Structures are given as C-alpha cells and as structure tokens.
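*Asks:* Under the numbering used here, think of the first position of the sequence shown as 172, with each following residue one higher.
My questions all concern the structure below.
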Amino acid sequence: MSSPKGSKKVNDWKEFVDKSKSATLEIVNKLKEQSKGFSMGKQSKSVNAVSSKKMTGDLFDKCRKYDTAEKAKELGFYPYFRPLESAQGTEVCVDGNKMVMLGSNNYLGLTDDERVMKASIKAIEKYGAGCAGSRFLNGNLDLHNRLENELAKFVHKDAGLLFSTGFQTNLGIIQALIGRKDIVITDKWDHASIIDGCRLSFGKMEKFEHNDMADLEETLQRCQGANGILIVVDGIFSMEGDIANLPDIVKLAKKYKARVMVDDAHALGVLGKNGRGTAEHFGLESEVDIIMGTFSKSLASLGGFIAADKKTIDYVRHNARSLIFSAAIPPANAAAALKSLEIIQAEPQRREQLWKNTQKMMDGLKSMGYDIGESCTPIIPLLFHENERSLEVVKNLPGGEQFVNLGLMPTDIMGIAFWRFASEHGLFINIVMPPAVPPGRTLIRTSYIATHTDKQLDFALDVFSKVGKQLAIIP
Ligand SMILES: Cc1ncc(COP(=O)(O)O)c(C=O)c1O
172 MSSPKGSKKV NDWKEFVDKS KSATLEIVNK LKEQSKGFSM GKQSKSVNAV SSKKMTGDLF
232 DKCRKYDTAE KAKELGFYPY FRPLESAQGT EVCVDGNKMV MLGSNNYLGL TDDERVMKAS
292 IKAIEKYGAG CAGSRFLNGN LDLHNRLENE LAKFVHKDAG LLFSTGFQTN LGIIQALIGR
352 KDIVITDKWD HASIIDGCRL SFGKMEKFEH NDMADLEETL QRCQGANGIL IVVDGIFSME
412 GDIANLPDIV KLAKKYKARV MVDDAHALGV LGKNGRGTAE HFGLESEVDI IMGTFSKSLA
472 SLGGFIAADK KTIDYVRHNA RSLIFSAAIP PANAAAALKS LEIIQAEPQR REQLWKNTQK
532 MMDGLKSMGY DIGESCTPII PLLFHENERS LEVVKNLPGG EQFVNLGLMP TDIMGIAFWR
592 FASEHGLFIN IVMPPAVPPG RTLIRTSYIA THTDKQLDFA LDVFSKVGKQ LAIIP
C-alpha cells in the first residue's frame, strides 16, 4: 500500500505549521464553538428575537466569512469528503493509490458483491432509474412493499416501513410519534438523526448520560405524568462501538411505562446469532417496541426502515412527514437491500468471519497497548490520553514545536499526528473530533469488514504498531 499521491511526507511538519500558524487553532476554536451550540436545549427567546432597532444583515455573511475548511486544506489536514476512485471494498483507491479501508460501514462486504450489483441493474431495467415521487402518492413500487415485509419478518415484527435514508427514518418516526404532551428520552451518544428527530417533534426531549442506567431511571422518574414516553438508543454506538445496555433499559421501560426504540444502523447483520441486531443479541426481540435500521451499512445500499406492530406502523405511515413529503427510495437501492438481506440470511459465515476479523484486531490492538474503550463490536476506536512523551515526539519533528504550541488540546494533536502518519502508510481511517465527540475525546475510528483478508489486517496491525511507537502512544 503506498502513500496517496500528493499527500505530504510526515517530516514536512514545519511546512504543515508554517503555512498558517494559527489556522489549526482557529479550526479547533470554531469546532469548540460549534460544539457549544450543539446542545439540545431550546434556544432562549432573547437569542432568537429580532431586534427592530438593528438593520437587517445579509444572511450569507457567515458563508462569506467561513474559511475553516479551506484553512484545513491548506494545512494538509482535511480528512473529510475524500474522493474514492473505486468501489468501497476492503481496499480503496484514493488519488491513484491503494489504501486498506478501515473506515467503512460495509460490515459484511456486500457493497461490491456481484449478486447485489446485478440485482440493482435488473431493478433499473424493470422499474427505471427513479420513482418520480413520494410513496404516499405516486412512487410506491411492489418492490418497496416486498422489502418492508421481508425486513419485518427478518427482525420478528408484524410490519415494516421503508424510508429513503436512515436519517429520514429517525426524523420521521420520532416526529410522528412524539406529540405535544409526550417525552422522548435519548442517550447522550445517540446519533444526530435521532437528535434531529426530537427537534422536529412537538414534544419534550430529555437526555441521560451515556449508558448510565441510574441516570436513565432518574430521568424516567422526572418524566412521570407525561402522556407517553419513548426511550431511543443506538444498539451499537457509532463512534466507539459499545453496545446499549438493553436488558436494563427494557426493565426500566416496563417499570416506568415507557416504549423502547433501538436504532440498529450498525447492529443489523452484525449482532445476534442470525444478524437480527441488538434485540436478538440480548434475547429481547419481543421487549423492544420499535427496531430501526439503515441500508447504508450491512445492507450495502441507501435507505432505512422501522419495524413494529401493525397499528404503530400504520400510524407512522400516515403521519411521518419525511416519508410522505419525500421521494421513494429508487428501485436500484431497494433491490440491492433486498438481495443483501437474502445473502445475510443465507450466508451466516460472513458474520462469523466479521467477528473473527474483529477479534483479531481487538486482540492485536489491545496487546500493543492501545486503549479501545468499551468497544466489543467491529467498530474499534483508538482513544488517546494526554501524554508528555507523545507531545515531545511531535515537538521534535521539523516545525513540531510550533504545532504543539498552537494551543490545541493534547488529544487533538495526537489524533491529527496519528491520522497523518497512518494515512501516509496507506490506511484509510477516520479521525473523529469535536463536536462529533466531546472536547478532549478526539479518537481514531476504525471498523472492520467480513471480507478483509488476514494479509490486509496484518498490514494494518503493522502500521498501528509502527505509528503508535513512533508517537509514543504505545510502549
Ligand atoms: C446510528 C445511526 N443511525 C442513523 C444513521 C443514518 O443512516 P443513513 O446514513 O443510512 O441515512 C446513521 C448513519 O451513520 C447511524 O450511524
């Protein structure tokens, strides 16, 4: 695996810093500002109020002034929107160079599976390229109905409902279910689409500390007297790969008369003996009221769904705005998801291989001395801790002293350095910085695929060993 063409060598840290001494600091400060505004509370009236004494400004001023991304690009540190020049397999082509892909949600390796691709082509030939409208009025296909029935059957629920993306699924279900006198309770680490669904609803939103059952119980106690309560959690948390404590959540939900919804975006096809997700993993399929999933991960496509009892699905079908007022999932995507679902059920060996690969990486990373947090799934984060020796290493690179003194948090410095070094060695990994994680918790997110070969994984472990030692992150 070679360095991406045009990417800067590790040693030109001086250039990296000199180009814009304050740019990185500015980027991080802006990110911090954004993360402050990320709180879920309602904005106060005084913030929203339009003062009649002030002249109206130009709405686009903020866009004209926005240069955070440009500055990051100038610095050679812009890990976003990287154009892949190949299918998203276990190796990808970036800037003409092969990289081992450790940043994908293609857990079962189906995005470039011949059978899935052929199913998409056949669907285009039969149904055309698009649906030309919402399922509600004119865009519904027999293919959509088939897929939602198959999905419901798969997760052992009475009925299913398709949406055009996973994001829209969470917007639609929460907005439709949570009325003015209802309360939705979320884990603080829930996905952004859940948070935005809560914002769209007319009800009240409460959050509990990540996977903290005592806090959930206190929150439920505070919420008693509501018209209805829904607890929504990710099954597998998308950034750190830990699993929701569903057994206790379900117990508390029963005690306090709440309903439970699990977002299984990352768990479908991955958790449970048959890949049916978090509820199957814990043997709680009949205790979870709503299972939500996306097609953009194990199902190798684009779209989303919920599955629940018939009456709930019927209500959401006729009240979810992101379903009714948005075009239907295109035939090619629906057919790809349907074929993937068939393969997931027919080939359990894929999931077995995914877990073998996951175990190999977990053992390898842990034995090297990496902190992988509470992960117990194919999403494995590398967490950084403040470490004088690592900062010394970066300081001693040409230009490193200035870089370290920019005022970044130590974990940001270590994350940025790690991402650069590992990328230059040919690993496609993701750096996750605030506001996607709390300040000080910058991490490298790695994720694994059933079709990764031992050779690719050994290569990755070798890079992690080299880079970790180089940066004194591991002994
Ligand atoms: C937990 C979770 N829920 C929902 C979504 C949204 O799904 P999609 O990207 O398929 O729209 C994601 C996407 O990353 C996710 O991680």
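Built from N, CA and C at the ideal position, the CB exists for glycine as well.
Remember, predicted model here, so these are calculated numbers, not experimental data.
Any chance the region 239-257 sits against the region 560-577, with 3 or more Cβ pairs inside 8 Å?
*Replies:* no
*Asks:* I need the boundaries of the beta strand (DSSP E) containing Glu380, first residue and last residue.
*Replies:* No beta strand (DSSP E) contains Glu380, which DSSP labels as neither H nor E.
*Asks:* Can you tell me the Cβ-Cβ gap for Gly454 and Ala438, rounded? I've got them flagged as a contact below 8 Å.
*Replies:* Actually they do not touch by this definition, with Cβ atoms about 14 Å apart.
*Asks:* Going by Cα to Cα distance, which pick from Ile500, Lys626, Ala643, Val441 is closest to Ser618?
*Replies:* Val441
*Asks:* In whole angstroms, give me the CA-to-CA distance for Pro552 and Ile543.
*Replies:* 5 Å
*Asks:* If you run the structure through DSSP and keep just helix, strand and coil, what is Lys566?
*Replies:* helix
*Asks:* Could you spell out the range, first to last residue, of the beta strand (DSSP E) harbouring Asn268?
*Replies:* 268-272
*Asks:* Does any heavy atom of ligand 1 sit closer than 8 Å to the C-beta of Asp405?
*Replies:* Yes, the beta carbon of Asp405 sits closer than 8 Å to at least one heavy atom of ligand 1.
*Asks:* Flag this pair as yes or no: are the beta carbons of Thr390 and Phe373 separated by less than 9 Å?
*Replies:* It is not a contact, given that the beta carbons lie outside the stated cut-off.
*Asks:* Can you list the residues near ligand 1, meaning Cβ strictly closer than 5 Å to any non-hydrogen atom, in the order they appear in the chain?
*Replies:* Thr336, Gly337, Phe338, His362, Ser364, Asp405, Ser409, Asp434, Ala436, Thr465, Ser467
*Asks:* Mapping DSSP to helix, strand and coil, what is Asn601?
*Replies:* strand
*Asks:* Determine, using beta carbons only, whether Ala436 and Ile461 come nearer to each other than 9 Å.
*Replies:* no
*Asks:* Rounded to whole angstroms, what is the Cα-Cα separation between Glu256 and Lys359?
*Replies:* In a straight line, the C-alpha of Glu256 is about 36 Å away from that of Lys359.
*Asks:* Please go through the same chain and pick out, in chain order, the residues whose beta-carbon is closer than 6 Å to the beta-carbon of Ala506, but skip the five residues on each side of it.
*Replies:* Ala290, Ser291, Ala294
*Asks:* Taking DSSP as the reference, what is the three-state secondary structure of Lys179?
*Replies:* Interpretation of Lys179 is limited by its pLDDT of 45, a score under 50 that renders its predicted location unreliable; no figure is taken from the coordinates.
*Asks:* Output needed for Glu377: all residues of its chain with C-beta closer than 8 Å, excluding positions within five of it in sequence on either side, in chain order.
*Replies:* Ile354, Val355, Ile356, Thr357, Thr390, Arg393, Cys394
*Asks:* Hey, Gly267 and Asp283 are a contact pair by Cβ (cut 8 Å); roughly how many whole angstroms apart?
*Replies:* The Cβ separation is near 19 Å, so there is no contact.
*Asks:* Let me know the secondary structure DSSP gives Gly310 once reduced to three states.
*Replies:* coil
*Asks:* Given this structure, state the Cα-to-Cα distance separating Asn382 from Phe408, to the nearest angstrom.
*Replies:* 10 Å
*Asks:* Measure how close the beta-carbons of Ala385 and Lys481 come, nearest whole angstrom, since I'm counting them as under 8 Å.
*Replies:* The beta-carbon separation of Ala385 and Lys481, rounded to 36 Å, does not stay under the 8 Å limit for a contact.
*Asks:* Using a threshold of 9 Å, state whether the C-beta atoms of Val326 and Gly464 are closer than that.
*Replies:* Closer than 9 Å, so yes.
*Asks:* Note down the Cα distance separating Arg518 from Ala450, rounded to an integer number of angstroms.
*Replies:* Before going further, note that residue 518 is Glu rather than Arg in the sequence given. Between Glu518 and Ala450, the C-alpha separation is close to 20 Å.
*Asks:* With distances taken Cα to Cα, identify the nearest neighbour of Ala397 among Glu388, Lys375, Leu417.
*Replies:* Lys375
*Asks:* Alpha carbon to alpha carbon, how far is Gln641 from Trp526? Give it in angstroms, no decimals.
*Replies:* So the two alpha carbons sit approximately 29 Å from each other.
*Asks:* Whose CA, out of Val433, Pro605, Ser467, Lys468, lies closest to the CA of His452?
*Replies:* Of the candidates Val433, Pro605, Ser467, Lys468, Val433 places its Cα closest to the Cα of His452.
*Asks:* Have a look at Lys510, Phe635, Leu562, Asp413 and flag the residue whose alpha-carbon is nearest the alpha-carbon of Gly597.
*Replies:* Phe635
*Asks:* Using beta-carbon positions only, say whether Val459 and Val421 come within less than 9 Å of one another.
*Replies:* yes
*Asks:* My understanding is that Leu333 touches Glu319, with C-beta atoms under 8 Å, so please give their C-beta distance in whole angstroms.
*Replies:* Leu333 to Glu319, Cβ: 5 Å. Contact.
*Asks:* Hey, quick one: how far does the beta strand (DSSP E) through Phe476 stretch, first residue to last?
*Replies:* It spans 475-479 - the beta strand (DSSP E) in which Phe476 sits, taken as one unbroken run.
*Asks:* Is Ala498 helix, strand or coil by DSSP?
*Replies:* strand
*Asks:* What did DSSP end up calling Asp361 once you bin it into helix, strand or coil?
*Replies:* coil
*Asks:* For the putative contact between Arg430 and Leu401, defined by C-beta atoms under 8 Å, what is the C-beta separation to the nearest angstrom?
*Replies:* 5 Å
*Asks:* Starting from Ser618, follow its DSSP beta bridges and name the residues at the other end.
*Replies:* Ile550
*Asks:* Does the Cβ of Ser538 have 16 or more other Cβ atoms within 10 Å, making it buried, or fewer, making it exposed?
*Replies:* exposed
*Asks:* Under three-state DSSP, which class holds Ile354?
*Replies:* strand
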